[in-house]
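K.L.:
Below is the structure I would like to discuss, written out as structure tokens.
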Amino acid sequence: MAIGGAGSPSSASRNNSRFFSGRSSTRRVGDALAQVNREETNSYINAWEGKERANVNNRFEKAMSRISGWENAKKVAIDSSMRQSIQELERRKAIIMERMKNELAEVHRQAQQKIAKANATRQAELLRINEEAAAYRSQGLKPNKGLGCFDG
């Protein structure tokens with residue numbers, strides 16, 4: 001046998017290494033297939049995760065839209081109620097102001113009546129005093145000072 005020939009031990013070890021390397025390549029192929037399966041699974045998981053995230057975000061956006069619509073409707077209702085309340089208060093204020101003006105006019109009218117009555121009383125007293133003074137002058141008498149017991 002020739003050294004390094006087909007039947008030589010070194011060539012047998014080369015053949016064996018090819019055989020073993022074939023098994024190791026089968027392992028590598030199996031590992032590669034497992035890696036591909038893991039990548040495929042991860043790809044599906046990532047796609048599922050993205051889809052679920054999108055669904056959650058879409059539900060959130062819909063909820064935000066509903067909440068925003070609800071808030072706007074409540075704001076409009078409250079604003080309308082506030083305007084109605086302000087109008088009602090202004091109406092009541094106008095009624096109360098009118099009532100107060102009428103009361104002021106009534107007080108003024110009553111004051112004018114009291115002034116007229118006081119003036120009439122004063123005029124009557126002045127007339128009485130003038131008449132008494134004329135009577136005293138015509139009779140030549142002195143007027144009474146008021147209390148007879150203290151006259152001197």
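With full-length UniProt numbering applied, the sequence shown corresponds to residues 1 to 152, in that order.
Glycine included, C-beta positions come from ideal geometry on N, C-alpha and C.
1. Between Gly30 and Glu40, what straight-line distance do the alpha-carbon atoms span, to the nearest angstrom?
2. Do you know how far the Cα of Glu90 is from the Cα of Glu106?
3. Please classify Gly140: does DSSP put it in a helix, a strand, or coil?
P.N.:
Checking against the coordinates, here is how it stands:
1. Gly30 and Glu40: Cα-Cα distance of roughly 15 Å.
2. Each residue's alpha carbon lies about 24 Å from the other.
3. coil
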